[in-house]
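Note sheet for the following structure.
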């Protein structure tokens, strides 16, 4: 049962370093990346884009100017290339939710990090707390209403160069707690995002879009992933609205 407590439609930027926790060890949640039950994500297509870019009259966010400048430099350094093939892709090629110690896996660590007032039991399952999703500003008290999103989806990483990585490196990517690629977000918003890139999907909360673009670029730059032409143009437009 959904327990939406406080819609925060005016939420500005949400820090990925806010304290949090969600979900139990035994709960499996869908990080919808266009895979459904088939394990194969669809290729990106601008013609089927579902993004709703901010209008020219709104800021789209109030990102830090230094972060924006860094993002522009990083974006300029990315290799522009067409999306690669999805041949051979399977989510199992990105082992995720690895054990992180103290009976917690990656998912549970993010839930503790991104939540407020989170308490857990001896198996690292949350017994109380709340989670505010940066994508839509909604706050939840039931961890089953929250997914852990990969900002750059696993399928997107695959077609941007991760198909050539070892399984070990893909596991590092899927469980990266040092970067900005993992976020606790509203489950159905995450499922609507699927494996879409920014030219197809952007967070419903327009004030977060600047931060989203900065994080997307940072992840691609850190992991040396390629960027598609239309994707780069959209990211530049998002930064212009910061």
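Residue numbers (mature numbering (1 follows the signal peptide of the UniProt record, and there is no 0)): -19 to -1, 1 to 223. Backbone N, C-alpha and C define an ideal beta-carbon position, used for all residues, glycine too.
DSSP state of residue 84 mapped onto helix, strand, coil: coil
Residue 164 - partner residues in DSSP beta bridges: 130
Same chain, Cβ closer than 6 Å to residue 78, five either side skipped, listed in chain order: 86, 87, 88
Beta carbon of residue 110 nearer than 8 Å to that of residue 100: yes
Straight-line gap, residue 144 to residue 207 (C-alpha atoms, nearest Å): 12 Å
Pick from 66, 118, 152 that is closest to residue 80, judged by C-alpha positions: Considering only alpha carbons, the answer is 152.
6 Å Cβ shell around residue 193 - same chain, five flanking residues per side excluded: Once the five neighbours on either side are set aside, the close Cβ partners of residue 193 are 184.
Alpha helix (DSSP H) segments (min. 4 residues) lying fully within the segment 57 to 109: Correct list: 87 to 95.
Spatial neighbours of residue 69 in its chain, beta-carbon cut-off 8 Å, leaving aside the 5 residues before and after: 144
Continuous alpha helix (DSSP H) stretch holding residue 210: start and end: 210 to 221
Enclosing alpha helix (DSSP H) for residue 201 [first to last residue]: Here the alpha helix (DSSP H) through residue 201 covers 190 to 203.
Same chain, Cβ closer than 8 Å to residue 132, neighbours up to 5 away in sequence not counted: 161, 162, 163, 164, 193, 196, 197, 200
Endpoints, the alpha helix (DSSP H) within which residue 148 is located: 148 to 155
At least 3 beta-carbon pairs within less than 8 Å: the segment 134 to 149 vs the segment 57 to 76: Result yes; three or more Cβ-Cβ pairs closer than 8 Å.
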